[in-house]
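Quick note: the sequence shown uses the numbering used here, first residue 127, plus one each step. Don't be surprised by glycine CBs; every beta carbon is placed ideally from N, CA and C.
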Amino acid sequence: MMTGTSYEISRTGILLVDPYNDFLSEGGKTWPRLKEVAESVGLLDHLRAVVTAARDAGIRVFIVPHRRWEPGDYDDWEHPNHTQRGIQERHTFAKGTWGGEFHPDFVPQDNDIVIKEHWAQSGFANTDLDLLLRQHGISHVVLIGLIANTCLESTGRYAMELGYHVTLVRDATAAFSAEMLRAAHELNGPTYAHAIVTTDDLLTAIHSAR
């Protein structure tokens with residue numbers, strides 16, 4: 127859907143959202159809920175392929191991490207959402223724990239940029255993501271990581287509102303159910319994304335841009 131986009135190396139950024147052990151690794155707190163869908167789309171292999179191809183081509187990778195839980199988070203908030211209450215109870219991505227570390231295949235490298243942690247779902251709200259994208263001349267953002275119908279969707283919608291060209295990669299993300307993943311790409315994605323592609327589509331476009 128909506129393929130055919132070309133990407134200028136210096137103007138494109140990969141947004142790798144929430145690549146934590148709790149999401150992506152066996153033993154992670156949230157991995158059991160994602161595992162079936164993640165494995166069905168080949169999530170980890172596709173994430174590795176996109177990140178590797180981007181770095182090889184000179185495309186900047188921006189790590190867009192969720193808030194690492196710390197004691198006291200959300201305890202006295204007036205309006206924590208359902209997800210934040212879940213993090214409060216399960217201590218997802220707890221700071222200083224293995225679950226709150228980046229998956230070993232997605233540890234930031236020298237030219238990567240790690241964005242300030244987001245408290246809710248958008249990687250833009252209350253962070254420095256927009257500032258750092260603009261300071262690096264980025265006009266096209268490619269979203270990969272987790273979760274398709276929450277953090278990726280919120281970040282993608284916000285990017286579109288700010289004037290960025292937004293690409294979703296349907297098999298470099300996952301959700302808690304196939305239905306949620308389908309909604310993210312078939313129902314909601316077309317309302318804000320400029321391109322919805324597969325990893326193979328994206329790799330071809332990156333290769334053509336080199």
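Note on ASP327: 16 or more other CB atoms within 10 angstroms of its CB, so buried under the neighbour-count rule. When the beta-carbon positions are compared, ILE322 and ARG283 stay at least 8 Å from each other. Counting of Cβ neighbours within 10 angstroms places GLU287 among the exposed residues, the total staying below 16. According to DSSP, residue pairing for ARG193 in a beta bridge does not occur. Residue pairing of GLY139 in beta bridges, as defined by DSSP: ARG186, VAL267. Close CB contacts of GLN210 within its chain, under the 6 Å cut and outside five residues either way in sequence, are with TYR200 (chain order). For ARG296, there is no enclosing alpha helix (DSSP H); the enclosing beta strand (DSSP E) has its first and last residue at 291 to 299. Rounded to whole angstroms, the Cβ separation of ILE241 and PRO191 is 7 Å, and the two are in contact under 8 Å.
Rounded to the nearest angstrom, the gap between the Cα atoms of ALA164 and GLY212 is 21 Å. Less than 8 Å separates the beta-carbon of GLY249 from that of LEU141. Looking at the DSSP output, ILE332 bridges to nothing. Counting only runs of 4 or more residues that sit fully inside the stretch 159 to 185, the alpha helix (DSSP H) segments are 169 to 183, in chain order. Looking at the DSSP output, PHE228 shares a beta bridge with TYR146. ALA304: member of the alpha helix (DSSP H) spanning 304 to 308, first to last residue. With a 10 Å radius around the Cβ and a threshold of 16 neighbouring Cβ atoms, TRP203 comes out exposed. Within the stretch 234 to 280, the complete alpha helix (DSSP H) segments of 4 residues or longer fall at 255 to 261, listed in chain order.
A residue is called buried once 16 or more other Cβ atoms fall within 10 Å of its Cβ, and ASN237, having fewer, is exposed.
Excluding the 5 residues flanking it on each side, GLY226 has same chain C-beta neighbours closer than 6 Å at ARG194, PHE219, ALA220, in chain order. For ALA321, the enclosing beta strand (DSSP E) covers residues 321 to 323. Sequence-distant partners of ASP231 (beyond 5 residues in either direction) whose C-beta falls short of 6 Å from its own C-beta, in its chain, are ARG174. Annotation for SER151: TRP157, HIS229 place their beta carbon closer than 7 Å to its own, counting only its chain and skipping 5 residues before and after. Between THR299 and LEU278, the C-beta gap is smaller than 8 Å, which places the two residues in contact.
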